[in-house]
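Trainee: Under the working numbering, the letters of the sequence shown match residues 3 to 275, in that order.
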Amino acid sequence: MVSQRIKDELKAEVSEMKAKGITPGLAVIIVGDDPASRVYVNSKKKACAEIGIYSEEYALSGETSQQELLELIEKLNKKDDISGILCQLPLPKHIDEKAVIDAIAPNKDVDAFHPVNVGKIMIGDYDFLPCTPAGVMELIKESGIEIKGKECVVVGRSNIVGKPMTMLLLHEHGTVTVCHSKTRDLKEVTLRADILVAAVGVPELIRGDMIKEGAVVIDVGMNRLPDKRLVGDVCFSEASEKAMAITPVPGGVGPMTIAMLMKNTVKAAYLNA
Ligand code: L34
């Protein structure tokens, strides 16, 4: 798997860094007891251990006040052994996500959610790439398809995936179209895609008849159905009949998100050394 290859490379890099006296450190904050967040945070900690990145977990109760959370972030901003800070989203309703993202020092913002980092991505002059879109770019490269000049369609316009995804594809000279819930004829647009990225959070929205023969299909969706089944935004069985390459859920973009977080943490350690 690509994610494993990236982690193996990082492991070698981290051991060289340590020899030079630099140890990357990641602080992961989780507020409340969302089971999915717990799974993702555990995977992040496990990846740190595997690569040799020092990690700290701050598991806060769901009743934690915004003030307490902001104080913790302030403390971590100043902590020398912490290169990267990640506050797992979503947060409980009484906490303003934006205030939390704004509080993380941009040079420790390994999610690349801070407005300074978002702005840098827009310009194409960035330190950190947001983990999920960066992972998608790696998977597209892995498919062997060249992005330059291709019709790229992003379904979803979130700040975390859809918008930065659009910018990254644009930087690689794709012709990018963004679709969302108000798009009049979704199928008409997705059928044009040489590269289709689905990041809407609607289980199996993208059916086989919405995909062009030979397209590369990347499924960012992570939807837990009432029967506990985990499915993406793409109907995999139908889409795999059409696609030249397609990512499954689980085992596709998710592990790449984690690998790219590790990459950002290593980068942050250099930046903050
Ligand atoms: N701050 N919040 C912050 N940063 C992030 O980058 C995230 N995200 C998203 C949710 N909130 C966040 C993640 O980490 C989504 N996400 C994430 C990370 C990993 C996986 C899924 C979502 C993952 O590894 N998924 C496994 C399946 C796990 C399961 O069985 O539930 C997979 O193979 O796709």
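For each residue, glycine too, the CB sits at the ideal point set by N, CA and C. From a predicted model like this one, the values you see are computed outputs, not experimental measurements.
Since V222 and D211 are thought to touch, with beta carbons under 8 angstroms apart, how far apart are those beta carbons, to the nearest angstrom?
Mentor: Contact doesn't hold; Cβ gap of about 21 angstroms is too wide.
Trainee: For the alpha helix (DSSP H) containing C133, list its first residue and its last residue.
Mentor: Residues 133-144.
Trainee: From T185, A61, L141, I149, pick the residue whose C-alpha is nearest to that of V157; which is it?
Mentor: Nearest option by C-alpha distance: T185.
Trainee: Per DSSP, what kind of secondary structure is Y278 in: helix, strand or coil?
Mentor: No answer is possible for residue 278: the residues shown for the chain start at 3 and end at 275.
Trainee: Could you spell out where the alpha helix (DSSP H) holding A29 opens and where it closes?
Mentor: Taken as a continuous stretch (DSSP letters only), A29 belongs to no alpha helix (DSSP H), being part of the beta strand (DSSP E) at 27-33.
Trainee: So, are the CB atoms of D104 and K152 less than 8 angstroms apart?
Mentor: No; because the gap between Cβ atoms is not below 8 angstroms, this pair is not in contact.
Trainee: Thinking just about the alpha-carbon of each residue, which of V16, G164, D187 is nearest to the one in V178?
Mentor: When only C-alpha atoms are compared, the closest one is G164.
Trainee: Assuming V30 and K46 form a contact by the criterion Cβ under 8 angstroms, report the distance between their Cβ atoms to the nearest whole angstrom.
Mentor: Indeed they touch by this definition, with Cβ atoms about 6 angstroms apart.
Trainee: Using CA coordinates, which residue listed in E65, M262, V191, K269 is at the minimum distance from L141?
Mentor: Ranking E65, M262, V191, K269 by Cα distance to L141 puts M262 first.
Trainee: Under the assumption that V4 contacts G54 (Cβ atoms under 8 angstroms), give the Cβ distance between them as a whole number of angstroms.
Mentor: Actually they are not in contact, since the Cβ atoms of V4 and G54 sit about 20 angstroms apart, beyond 8 angstroms.
Trainee: Between the beta-carbon of P92 and the beta-carbon of A114, is there less than 8 angstroms?
Mentor: No. Outside cutoff.
Trainee: Are the beta-carbon atoms of I208 and C237 separated by less than 8 angstroms?
Mentor: Yes, the Cβ-Cβ distance between I208 and C237 is below 8 angstroms.
Trainee: Is it the case that the Cβ atoms of E215 and K244 are separated by a distance below 8 angstroms?
Mentor: It is a contact, given that the beta carbons lie within the stated cut-off.
Trainee: Using 7 angstroms as the cut-off, classify the Cβ of V223 as near or not near the heavy atoms of the ligand L34, replying yes or no.
Mentor: The displayed chain sequence assigns Gly, not Val, to residue 223. Result no, Cβ not under 7 angstroms from the ligand L34.
Trainee: Between which residues of its own chain and I24 is the CB-CB distance below 6 angstroms, once the five residues before and five after are set aside?
Mentor: Taken in chain order, the residues that qualify are A271, A275.
Trainee: Closer than 7 angstroms: is that where the CB of C50 sits relative to any heavy atom of the ligand L34?
Mentor: Incorrect: C50 has no Cβ contact closer than 7 angstroms to the ligand L34.
Trainee: Say yes only if the C-beta of Q90 is nearer than 7 angstroms to one or more non-hydrogen atoms of the ligand L34, and no if none qualify.
Mentor: It does: the Cβ of Q90 is within 7 angstroms (strictly closer) of some heavy atom of the ligand L34.
Trainee: Does the beta-carbon of L232, which I'm using as the reference point, lie nearer than 7 angstroms to any heavy atom of the ligand L34?
Mentor: Yes, the ligand L34 has a heavy atom inside 7 angstroms of this Cβ.
Trainee: Using DSSP with H/G/I as helix, E/B as strand and the rest coil, what is T249?
Mentor: Looking at T249 - three-state DSSP - the assignment turns out to be coil, as it is neither helix nor strand.
Trainee: Classify R186 as helix, strand or coil using the three-state DSSP reduction.
Mentor: It is coil, neither helix nor strand.
Trainee: Taking a contact to mean a Cβ-Cβ separation below 8 angstroms, would you say K20 touches E52 in this structure?
Mentor: No, the pair does not count as a contact, with Cβ atoms beyond the cut-off.
Trainee: Is A107 near the ligand L34, with its Cβ less than 7 angstroms from a heavy atom?
Mentor: A107 Cβ: outside cutoff for every heavy atom of the ligand L34.
Trainee: Quick check: does the Cβ of G253 come within less than 7 angstroms of any heavy atom belonging to the ligand L34?
Mentor: Under cutoff, so the answer is yes.
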